[in-house]
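The opening residue of the sequence shown carries number 1 in full-length UniProt numbering; numbering runs sequentially from there.
One structure below.
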Amino acid sequence: MMNRERRGLVSDWFWTIDRYMLATFVALIGLGFMLSFAASPGVAERLDIDHFHFVKRHALFIAPALAIMISLSFLTPRQVRRWALVLLAISIAMMVFTQFYGFEAKGSRRWFSIAGFSVQSSEFLKPAFIVICAWLFSEHSRNPDIPGNLFAIILYAIVVALLVAQPDFGQTILVTITWGALFFMAGIPWFWIALLAFMAVGMFVTAYLTLPHVAARIDRFLTGEGDTHQVDTAREAIVRGDWFGQGPGEGTIKRILPDSHTDFIYSVAAEEFGILFCMALALIFFFIVFRGLKHANREGDEFTRLAIAGLTLLVGLQSTIHIGVNLELLPAKGMTLPLISYGGSSMLAISVTAGFLLALTRRNPEKRASGRQKRFVIRPLAAEQV
Numbered sequence: 001m002m003n004r005e006r007r008g009l010v011s012d013w014f015w016t017i018d019r020y021m022l023a024t025f026v027a028l029i030g031l032g033f034m035l036s037f038a039a040s041p042g043v044a045e046r047l048d049i050d051h052f053h054f055v056k057r058h059a060l061f062i063a064p065a066l067a068i069m070i071s072l073s074f075l076t077p078r079q080v081r082r083w084a085l086v087l088l089a090i091s092i093a094m095m096v097f098t099q100f101y102g103f104e105a106k107g108s109r110r111w112f113s114i115a116g117f118s119v120q121s122s123e124f125l126k127p128a129f130i131v132i133c134a135w136l137f138s139e140h141s142r143n144p145d146i147p148g149n150l151f152a153i154i155l156y157a158i159v160v161a162l163l164v165a166q167p168d169f170g171q172t173i174l175v176t177i178t179w180g181a182l183f184f185m186a187g188i189p190w191f192w193i194a195l196l197a198f199m200a201v202g203m204f205v206t207a208y209l210t211l212p213h214v215a216a217r218i219d220r221f222l223t224g225e226g227d228t229h230q231v232d233t234a235r236e237a238i239v240r241g242d243w244f245g246q247g248p249g250e251g252t253i254k255r256i257l258p259d260s261h262t263d264f265i266y267s268v269a270a271e272e273f274g275i276l277f278c279m280a281l282a283l284i285f286f287f288i289v290f291r292g293l294k295h296a297n298r299e300g301d302e303f304t305r306l307a308i309a310g311l312t313l314l315v316g317l318q319s320t321i322h323i324g325v326n327l328e329l330l331p332a333k334g335m336t337l338p339l340i341s342y343g344g345s346s347m348l349a350i351s352v353t354a355g356f357l358l359a360l361t362r363r364n365p366e367k368r369a370s371g372r373q374k375r376f377v378i379r380p381l382a383a384e385q386v
C-alpha cells in the first residue's frame, strides 16, 4: 500500500498523478476491447477470415498501450519536450519514407508495413507536433527575440505538406484546428488571426476544387446525393439501437456497415448498447477535455499550460469528428475514436498523447512536499504579540 510519507519514484508518481484522468484512459481501453467483439466479427466475415481476427490483433496492442501511457506519465515537463522532439523527428522521417515505400489503400498512401503490421506514421506525429509547437510558442512569449512563432509556422507548413501529399484531409483539419487554437492561446496578434483565417479558408477552397474525393464527400453531405451507403447505414444502426440497444451480439446492421470496427464503431455501439450508452461514452471524452482544460487554466508555466491544452484539444476534437460523422453532423471522414476503434497505430499514438498529458498534469512532488511541511510548522509569536 502506498504511503504518503514514504518518498520514492512510484510513491511520488501515485500521489501526484491525476488518478481520475488515468482511470478514464484505462476505462476507454477496456471499452474499446469490449466493443471490438461487437464491431469487428462482421468485417472479418466479409473478408472471409477468422471471426475474431481483429479482436485478437486489438488485444495485442492493449499491453503495449498501457505500458507506453504509464511509462511516459513518469516524465518531467523537460523530458516530455525531449521525447516529443525525438518522436517528431522520427515521425517526419517515417512520413517521407511512406511516400516512397508505403502502400496505398483507399486512394491514400499513409501506411507502411513492418513485421506484418501496418504503421500510420501521421498518428505518432500529432502529439509530438503539438508539444513542440507549445514549446516554441512559450519560448517566444518568454523572450520575443526568440523566433518561436516563426519556427512553429514553418513546422506547421512542413507537417501539412506531408499530410496533403498522402493525402489525408481529415488529419490536416485536425492538426490545423489544434495548432490554430494553440497559437490563439499563446497571445497571437489580431493581424495574424485574420491572416491565418484567410489562409485556412483558402486551403479549404483549394482542397474542394482540386481534390475530387474531398469535393464528393462535401457535396454528399450538403445535398444527400450520390453514394451515401456508409452514413445511411450508420444512421440506421443508431436508430435501430434506440435507447437501450439490441443487446451484445444482437446487432444486424453492423454486418453490412463498412469500417464498422474503425470509422463507424460509435454506430455499432449505439445499435448493440443503445443511445444512452453512447451518451455516456461521449461524456467520458467530455470529462477528459474538461479535466485537461481545468489543469491548463491553473498552470503557471506557459509551456505546460499550452501543451496540456493542445493535447486535450487533440483528443477532444478527434472524438468529436468521429462522433459527428457517425451522427451525420459532419461530412464523412475516416477518423478513429480514441482508444476505442481498431488500429494499432491509433491506439499506441493516443497512448503517447495520454502519457504526455498525464505527465504534464502531475502535481509537482517538491511543491507538494513543501506545502505539507508548511501546514505543520509552528511559528513563534512575535515579540509585540507576547
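Each residue gets a CB set at the ideal place from its N, CA and C atoms; glycine is no exception.
The structure displayed is predicted, hence computed values, not measured ones.
Residue from the options with nearest C-alpha to residue i
{"i": "Val-119", "options": "Asn-143, Tyr-342, Ala-354 and Leu-72", "result": "Tyr-342"}
{"i": "Ala-16", "options": "Ala-59, Glu-45 and Phe-74", "result": "Just to set this straight, residue 16 is Thr in the shown sequence, not Ala. Considering only alpha carbons, the answer is Phe-74."}
{"i": "Trp-192", "options": "Val-160, Ala-215 and Asn-149", "result": "Asn-149"}
{"i": "Leu-317", "options": "Phe-273, Leu-211 and Lys-126", "result": "Lys-126"}
{"i": "Asp-263", "options": "Leu-87, Leu-88 and Ser-36", "result": "Ser-36"}
{"i": "Ile-68", "options": "Phe-124, Asp-259, Tyr-208 and Ala-332", "result": "Phe-124"}
{"i": "residue 401", "options": "Ile-130, Leu-60 and Ile-350", "result": "There is no way to answer for residue 401, as the model of the chain reaches only from 1 to 386."}
{"i": "Val-164", "options": "Phe-25, Ile-153, Ile-218 and Gln-99", "result": "Gln-99"}
{"i": "Gly-300", "options": "Pro-77, Gly-30, Arg-19 and Thr-24", "result": "Pro-77"}
{"i": "Pro-167", "options": "Arg-110, Ala-181 and Thr-210", "result": "Arg-110"}
{"i": "Ile-350", "options": "Leu-28, Gly-8 and Asp-18", "result": "Leu-28"}
{"i": "Leu-257", "options": "Ala-39, Val-10 and Gly-8", "result": "Ala-39"}
{"i": "Met-95", "options": "Leu-85, Phe-112, Val-86 and Ala-84", "result": "Phe-112"}
{"i": "Asp-242", "options": "Leu-209, Met-279, Leu-211 and Ala-207", "result": "Met-279"}
{"i": "Phe-277", "options": "Val-160, Leu-348, Ile-49 and Gly-247", "result": "Gly-247"}
{"i": "Leu-327", "options": "Ala-234, Leu-306, Met-347 and Thr-361", "result": "Ala-234"}
{"i": "Asn-143", "options": "Val-325, Ile-158, Ala-186 and Leu-60", "result": "Ala-186"}
{"i": "Arg-298", "options": "Arg-362, Arg-217 and Val-175", "result": "Arg-362"}
{"i": "Thr-178", "options": "Val-315, Leu-31 and Met-21", "result": "Val-315"}
{"i": "Ala-207", "options": "Val-160, Gly-251 and Phe-183", "result": "Val-160"}
{"i": "Ile-114", "options": "Asn-364, Gly-344, Thr-353 and Val-352", "result": "Gly-344"}
{"i": "Arg-305", "options": "Ile-62, Asp-48, Phe-183 and Trp-83", "result": "Phe-183"}
Whole-Å CB distance - residue i paired with residue j, under 8 Å assumed
{"i": "Arg-81", "j": "Trp-135", "result": "5 Å"}
{"i": "His-51", "j": "Pro-64", "result": "Rounded, the Cβ-Cβ distance is 24 Å, inconsistent with contact."}
{"i": "Gly-245", "j": "Glu-271", "result": "7 Å"}
{"i": "Gly-170", "j": "Met-335", "result": "5 Å"}
{"i": "Phe-33", "j": "His-53", "result": "About 15 Å separates the two Cβ atoms, so there is no contact after all."}
{"i": "Leu-283", "j": "Leu-357", "result": "The pair is not a contact, with the Cβ atoms about 18 Å apart (cut-off 8 Å)."}
{"i": "Glu-302", "j": "Ser-121", "result": "With 8 Å as the limit, Glu-302 and Ser-121 do not qualify as a contact, their Cβ atoms being about 29 Å apart."}
{"i": "Ala-128", "j": "Leu-66", "result": "Contact doesn't hold; Cβ gap of about 20 Å is too wide."}
{"i": "His-261", "j": "Val-43", "result": "5 Å"}
{"i": "Leu-155", "j": "Ile-173", "result": "Not really, about 17 Å apart at Cβ, beyond 8 Å."}
{"i": "Ala-359", "j": "Val-231", "result": "About 38 Å separates the two Cβ atoms, so there is no contact after all."}
{"i": "Ser-11", "j": "Gly-355", "result": "Wrong, their Cβ atoms sit about 19 Å apart, outside the cutoff."}
Residue i, DSSP secondary structure in three states
{"i": "Trp-13", "result": "helix"}
{"i": "Arg-109", "result": "strand"}
{"i": "Glu-302", "result": "helix"}
{"i": "Phe-117", "result": "strand"}
{"i": "Ile-62", "result": "helix"}
{"i": "Phe-103", "result": "strand"}
{"i": "His-53", "result": "helix"}
{"i": "Tyr-20", "result": "helix"}
{"i": "residue 392", "result": "Outside the shown range of the chain (1 to 386) lies residue 392, about which nothing can therefore be said."}
{"i": "Glu-123", "result": "helix"}
{"i": "Ser-341", "result": "coil"}
{"i": "Met-335", "result": "coil"}
{"i": "Ile-378", "result": "Summary for Ile-378: the model assigns pLDDT 34, below 50, so the residue's position carries little reliability; its value from the coordinates is reported in the next sentence. Coil at Ile-378, not helix or strand."}
{"i": "Ile-323", "result": "helix"}
{"i": "Glu-139", "result": "helix"}
{"i": "residue 439", "result": "The chain is shown only over 1 to 386; residue 439 falls outside these bounds and no answer can be derived."}
{"i": "Leu-75", "result": "coil"}
{"i": "Gly-180", "result": "helix"}
{"i": "Arg-235", "result": "helix"}
{"i": "Pro-365", "result": "With a pLDDT of only 46 at Pro-365, under 50, the local geometry of the prediction cannot be trusted, and the value read off the model is given with reservation. Residue state, collapsed to three classes: helix."}
{"i": "Gly-8", "result": "coil"}
{"i": "Pro-41", "result": "helix"}
{"i": "Ser-260", "result": "coil"}
{"i": "Glu-271", "result": "helix"}
{"i": "Thr-252", "result": "coil"}
{"i": "Gly-241", "result": "helix"}
{"i": "Gly-247", "result": "coil"}
Check: residue i C-beta below 7 Å from any heavy atom of the ligand ZN
{"i": "Thr-16", "result": "Within the structure as shown, the ligand ZN is missing, as the structure has no ligands at all."}
Ranges of the alpha helix (DSSP H) found wholly within the segment 186 to 230, counting only runs of at least 4: 190 to 210 and 212 to 223
Would you call the segment 137 to 155 and the segment 317 to 334 touching, i.e. three or more CB-CB distances under 8 Å? no
Given 8 Å, three or more beta-carbon pairs between the segment 233 to 245 and the segment 258 to 273: yes
With three or more C-beta pairs closer than 8 Å as the rule, is the segment 217 to 231 touching the segment 294 to 308? no
So, do the segment 141 to 148 and the segment 105 to 114 have three or more beta carbon pairs nearer to each other than 8 Å? no
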